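Worksheet for the structure shown next.
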Amino acid sequence: MRAIQITEFGGPEVLTVTELPDPAAGPGHLLIDVSRAGVNYADTHQAEDSYVSASTLPMVPGGEVVGTTTGGRRVVALVGTGGYAEKAVASEALAWDVPDAVDDVTALGMIVQGASAWLLLRRSVHLEPGESVVVHAAAGGVGSLAVQLAKARGAGRIIATASSANKRDLALDLGADVAVDANEPDLTAALIEANGGRRVDTVLEMTGGTVTDQSLRALAPFGRLAFYGMASRTEPSPVRPATLMAHSTTIAGMWLAHVFRLPGDVMRTALDDLFGLAVAGRLRVVAGGEYGLSEARRAHEDLRARRTTGKLVLDPSR
């Protein structure tokens, strides 16, 4: 089978198309003919071995696929690694059936980005109806869905940030009440102004560095910030407990892998909700671009350069 293999850690240049033996599915696993593989920012960290969990070589990157099992089921699955290939193996516990009305891009958009947005709003910041929420990188995979989910949950004011006018327009089209330039020199003041002069209740943040620092300073008393990535690869300033107490601030971290340690099948609950909203026309995955397997390097280059919006996918057939 054709696959992308990494034999040394680094940037997009280490993604190489190669021929590998077909994987075999053991007990409790499914062999999937991959119709599309998702491309996530986490994959760029995986390629350079800077992800939350360590990577080992050689490796086929890619953590999510949608396709058909040897038994004829159409599923979307988390695979950890091995997704950038014509065939992949997934644990039966990490594969979910996809409704006929849900296309491949939507299915892939929900399993990581959709579930992340769902968990951030419900579990991390506990968004209540009427509260304000700042969604950074609002035109991205998680951000574009978080804007829509926040609206569905009755957010009082949705403040989107994005780095270009086109991306800000997209966020407004998806339901944001106001869009702020992510490059504002005084982002704290810009966020407060966007909220009608009031400090904000909640923030979903994945940039790091000064964006995190300035977002924390924009929080109202009992405000909550959920941190789920560090696209800038720059650490924010250290936070002292006394600073948290001074404004009754809550900071949460979210890594999707931890959802599987929760009691009950929270992931199934999230996907049922997300797929239901999609079928009803209340939630849409923004298609960010489809690349052939041979174009995986370009996909990573575009993602790291912030040239993309929405969900990126690879087509293993080309």
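Residues 184 to 501, numbered by the numbering used here, are exactly what the sequence shown covers, in order.
Here a beta-carbon is modelled for each residue, glycine too, at the ideal position from N, C-alpha and C.
Since the model is a prediction, treat every value here as computed from it, not as a measurement.
When the alpha-carbon of residue 442 is set against those of 226, 255, 273, 303, the nearest one is in 303. In this structure, the CA atom of residue 493 is about 31 Å from the CA atom of residue 254.
The region 368–396 is shown to contain whole beta strand (DSSP E) runs of 3 or more residues at 383–388, in chain order.
Straight-line spacing of the CA atoms in residue 445 and residue 202 works out to 38 Å.
The region 458–471 and the region 272–291 touch, with no fewer than 3 CB-CB distances between them shorter than 8 Å. Annotated three-state conformation of residue 448 is coil, per DSSP. Setting aside the 5 residues that flank it on each side, residue 338 is surrounded in the same chain by 310, 312, 313, 314, 315, 316, each with a C-beta closer than 8 Å to its C-beta; the list follows chain order. Per DSSP, residue 224 is one residue of the alpha helix (DSSP H) stretching across 224–231.
Sequence-distant partners of residue 351 (beyond 5 residues in either direction) whose C-beta falls short of 6 Å from its own C-beta, in its chain, are 345, 362. Collapsing the DSSP output to three states places residue 199 in a strand. With 16 or more neighbouring CB atoms inside 10 Å of its own CB, residue 407 falls in the buried class.
Residue burial annotation: residue 451 is exposed, with fewer than 16 other C-beta atoms found within 10 angstroms of its C-beta. Separation of residue 410 and residue 188 (C-alpha to C-alpha, rounded to the nearest whole angstrom) is 30 Å.
At least 8 Å separates the beta-carbon of residue 343 from that of residue 300. Check the Cα spacing between residue 214 and each of 261, 194, 230: the tightest is with 261.
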